[in-house]
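Okay, so here's the structure we're looking at.
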Amino acid sequence: MNLPEFKGRRTPSAIAAGLEVARVVVTHDAFTRAFERSMDLVQTLPALKMPGGILIQAASGMGKTLLLKLIEQQVEANAPAGRVGRCLYLKMDSGVDNPKLGRMLARALGYPAFPTRLNSEVVDGMIETGLEKAKPAAFLIDEFHHVCTGNRDITATHIADWVKVRLDATRIPFVGVGTMLLERMEAINDQFTGRVSASNTIPVFTFGEDWRRVLASYCQQVTKVDMHVLNGQVAHTLHEASKGNMRALKKILIFGAMHAASRNDAKLNLEDLAIGYADIMEKAGRANPLLP
116 MNLPEFKGRR TPSAIAAGLE VARVVVTHDA FTRAFERSMD LVQTLPALKM
166 PGGILIQAAS GMGKTLLLKL IEQQVEANAP AGRVGRCLYL KMDSGVDNPK
216 LGRMLARALG YPAFPTRLNS EVVDGMIETG LEKAKPAAFL IDEFHHVCTG
266 NRDITATHIA DWVKVRLDAT RIPFVGVGTM LLERMEAIND QFTGRVSASN
316 TIPVFTFGED WRRVLASYCQ QVTKVDMHVL NGQVAHTLHE ASKGNMRALK
366 KILIFGAMHA ASRNDAKLNL EDLAIGYADI MEKAGRANPL LP
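Under this note's numbering, residues 116 to 407 are what the sequence shown spells out, in order.
Right, dumping it as structure tokens:
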């Protein structure tokens with residue numbers, strides 16, 4: 116949340132309301148399916164001693180990072196008594212390549228920082244030793260679509276091969292999330308997608324009952340502001356304003372709730388939502404679909 120965009124009064128009640136909305140976790144059918152399928156693989160692949168995993172595609176703002184965090188929490192909660200359940204979490208960026216991925220993984224395993232020119236064979240040896248000691252429950256890789264961005268098929272092939280070799284050697288389940296660019300992975304490296312299922316998506320919402328259930332979840336979980344206006348006709352307008360994207364919706368609701376919390380009645384209305392949208396989109400110069 117970029118608070119400088121917020122044009123209302125930053126009262127303690129407004130900050131508290133915004134924070135409460137920001138902390139709301141809303142699950143829905145596509146998200147739940149992706150989570151359950153991921154957990155099933157994380158739990159069963161080691162027992163079968165098979166390499167493999169899952170790729171999950173979703174637009175930005177549809178909960179990819181949240182999904183990995185929930186998997187990590189569930190793995191920890193499911194760990195046998197006396198044993199720490201641990202996942203290795205990595206977040207890629209547009210400059211990722213094999214050496215950088217190796218250094219990221221080494222740091223995730225607890226190795227201190229080391230020179231960027233360190234021999235790749237040495238780094239690979241450190242990783243193999245670290246994985247043997249740590250015995251992680253899963254590899255979780257965020258923003259995995261960066262291996263497919265631009266004209267980088269050769270780099271993507273090398274990275275996928277690098278990951279595939281580790282999967283084959285360790286049998287550690289893999290969960291990678293990214294945008295719809297991950298569709299290219301099958302064409303880039305079919306051996307990798309032969310081990311890792313790539314047919315899992317979390318789409319943006321169309322307007323309908325699923326969307327209404329998302330809004331109802333905010334009504335149920337938020338207590339500092341009365342959000343029940345979301346159950347009415349504003350649902351369709353909010354869908355238009357957010358384009359069915361969860362992150363965009365949450366930002367509008369955060370700012371709207373902060374405006375509402377600054378009044379004595381603390382009751383969210385359409386004007387609060389319209390002002391919140393205007394705060395967010397002022398520089399973009401977009402028409403405000405929430406204006407009456």
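Cβ coordinates follow ideal geometry from the N, Cα and C atoms, glycine included.
Cβ distance (whole Å) where residue i is taken to contact residue j below 8 Å
i            : j             : result
lysine 122   : aspartate 394 : 5 Å
arginine 362 : glycine 167   : So it is not a contact: roughly 30 Å between Cβ atoms.
lysine 366   : aspartate 341 : 20 Å between Cβ atoms; not a contact.
leucine 296  : cysteine 263  : 5 Å
Among the options, nearest to residue i - alpha-carbon criterion
i                 : options                        : result
glycine 291       : Ser235, Ile390, Val157, Ser332 : Val157
lysine 417        : Ser332, Glu258, Asn346         : Residue 417 is absent from the model: the chain starts at 116 and stops at 407.
threonine 316     : Pro161, Ile169, Thr159         : Ile169
glutamate 151     : Pro161, Leu183, Lys215         : Leu183
alanine 131       : Phe289, Gly391, Tyr392, His374 : His374
serine 332        : Leu134, Val139, Glu135         : Val139
arginine 286      : Asp276, Ser312, Phe254, Cys263 : Phe254
glutamate 120     : Leu405, Arg401, Tyr392, Pro407 : Tyr392
glutamine 336     : Ala137, Pro127, Ala129         : Ala137
proline 288       : Pro161, Lys215, Met396         : Pro161
tyrosine 204      : Val190, Gly210, Asn213         : Val190
glutamate 301     : Leu185, Glu324, Asp276         : Asp276
phenylalanine 370 : His351, Asp144, Arg201, Ile390 : Ile390
alanine 125       : Pro407, Arg401, Arg378         : Correcting the residue identity first, residue 125 is arginine in this sequence and not alanine. When each option's Cα is compared against that of arginine 125, the closest is Arg378.
leucine 405       : Ile274, Val344, Pro127         : Val344
methionine 177    : Gly210, Leu163, Gln188, His143 : His143
isoleucine 256    : Thr338, Ile274, Gly245         : Ile274
lysine 164        : Leu282, His354, Leu385         : Leu282
arginine 201      : Ser128, Leu246, Leu181, Ser235 : Leu246
aspartate 208     : Thr308, Glu243, His261         : His261
leucine 364       : Thr338, Ala376, Lys339, Arg327 : Arg327
leucine 185       : Gly347, Asn346, Val141         : Val141
serine 128        : Ala372, Leu385, Pro407         : Ala372
proline 227       : Pro214, Ser235, Glu236, Met241 : Met241
aspartate 325     : Thr159, His354, Glu243, Thr308 : His354
alanine 376       : Gly347, Thr338, Thr180         : Thr338
glycine 347       : Asp380, Asn384, Ser312, Thr308 : Asn384
Residue i classed as buried or exposed, judged by whether at least 16 other C-beta atoms fall within 10 angstroms
i              : result
asparagine 403 : exposed
glycine 225    : exposed
asparagine 193 : exposed
valine 238     : buried
serine 153     : buried
arginine 401   : exposed
histidine 351  : exposed
histidine 248  : Note on identity: in this sequence residue 248 is lysine, with histidine being the wrong assignment. Per the 10 Å Cβ criterion, exposed.
leucine 216    : buried
valine 349     : buried
alanine 284    : exposed
valine 329     : buried
glutamate 187  : buried
proline 251    : buried
glycine 210    : exposed
valine 280     : exposed
glycine 133    : buried
asparagine 304 : buried
glycine 293    : buried
Min CB distance residue i to chain B below 9 Å
i           : result
alanine 145 : In the structure shown, chain B does not exist; there is a single protein chain.
- Task: Specify whether the segment 320–329 and the segment 343–362 touch according to this definition: at least 3 beta carbon pairs, one from each stretch, less than 8 Å apart.
- Result: yes
- Message: In chain order, what are the residue ranges of uninterrupted beta strand (DSSP E) at least 3 long that sit wholly in the segment 295–343?
- Response: 311–317
- Is it true that the segment 266–278 meets the segment 139–154, where meeting means three or more beta-carbon pairs spaced less than 8 Å apart? no
- Message: To test your reading of the DSSP string, which unbroken alpha helix (DSSP H) runs of 4 or more residues are found completely within the segment 223–267?
- Response: 235–249
- Message: Across the segment 170–182 and the segment 214–225, are there enough close Cβ pairs to call them in contact, namely three or more that are closer than 8 Å?
- Response: no
- Contiguous alpha helix (DSSP H) assignments of at least 4 residues, all confined to the segment 120–162: 127–137
- Item | Length at least 4, wholly inside the segment 175–222: the alpha helix (DSSP H) runs in chain order | 179–193
- Task: List in chain order: all unbroken alpha helix (DSSP H) runs of 4+ residues lying wholly within the segment 361–386.
- Result: 361–376
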